[in-house]
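Residue numbers (my numbering): 161 to 420.
Cβ atoms here follow ideal geometry from the backbone N, Cα and C, with glycine treated the same way.
Keep in mind the model is a prediction, meaning the values are calculated, not measured.
Working notes, structure below.
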């Protein structure tokens with residue numbers, strides 16, 4: 161009677177764990193889509209600004225999320241099939257994939273957090289020099305486009321303020337045609353509108369473009385870090401459930417052999 165009761169209890173645990181894993185896999189797949197979406201959104205939304213950054217850590221974090229999200233979508237399907245069929249070899253492979261993706265997303269989350277800590281210092285050291293030295297210079301079309309978009313999107317002018325443009329290579333050259341600031345500083349862009357730097361004509365924002373870009377990137381990094389670490393923790397829980405399920409399957413197999 162006791163042995164029968166134990167068998168029924170083991171069967172009940174296996175069935176419960178099986179359905180729990182199936183539900184987890186659905187959540188896991190949704191999380192993978194979210195991770196993939198955040199990675200793509202990070203690169204596509206303001207990809208022009210990446211050329212203004214000194215390091216590639218921001219872009220690398222996004223690429224890692226895209227890689228992890230893609231793996232999650234595929235692995236989630238593999239996990240569903242493995243759970244339904246109760247195949248120990250597939251479940252073991254699924255368990256290994258969960259651990260690999262967990263590490264990948266954890267790396268993305270940690271990178272985002274570390275970069276968040278030194279983002280302000282990097283922008284202060286690099287952005288002003290990039291804008292004043294490279295704007296509208298030969299071979300620097302990507303930076304020129306990025307600066308123009310930055311100033312228009314965030315309604316700012318200059319890295320700290322509009323006076324930063326006074327020492328720029330572009331404004332000092334004949335190419336500027338007596339402009340005091342680039343035309344992208346203007347509230348309403350018209351040819352040569354940068355010839356007049358009055359507050360009624362150009363954006364004069366407290367803190368300049370550095371403050372605006374720092375806030376924008378910081379918000380993105382927080383999302384990357386939260387999504388990466390959050391889904392990584394979900395996957396760790398899934399790995400524990402999978403390990404328990406594999407253990408129960410092996411235990412059932414041993415008991416079946418013992419009764420023969």
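Annotation for residue 342: 354 place their beta carbon closer than 6 Å to its own, counting only its chain and skipping 5 residues before and after. In this structure, residue 340 lies away from residue 212, with their beta-carbon atoms at least 8 Å apart.
Contact between the region 307 to 322 and the region 369 to 382 is present: 3 or more CB-CB pairs across the two stretches fall below 8 Å.
Under the DSSP assignment, residue 363 falls outside any alpha helix (DSSP H); it carries neither an H nor an E label. The C-beta distance from residue 402 to residue 254 rounds to 6 Å, short enough to fall under 8 Å. When DSSP states are grouped into helix, strand and coil, residue 346 belongs to the strand group. Following the DSSP letters along the chain, one finds residue 284 inside the alpha helix (DSSP H) bounded by residues 248 to 294. Taking the Cα of residue 176 as reference, the smallest distance to any Cα among 411, 404 and 374 is reached at 404. Residue 291 counts as buried, since no fewer than 16 other beta carbons sit within 10 angstroms of its beta carbon. With respect to the 8 Å criterion, residue 195 and residue 265 are classified as neighbours on the basis of their beta carbons. Residue 243 and residue 409 have their C-alpha atoms spaced approximately 11 Å apart. Counting only residues of its own chain and dropping the five nearest sequence neighbours on each side, residue 235 has a CB closer than 6 Å to the CB of 257. Under the DSSP assignment, residue 242 falls in the alpha helix (DSSP H) whose first and last residues are 217 to 245. By the neighbour-count criterion, in which 16 or more other beta carbons inside 10 Å mark a residue as buried, residue 222 falls on the buried side. DSSP places residue 329 in the uninterrupted alpha helix (DSSP H) bounded by 329 to 332.
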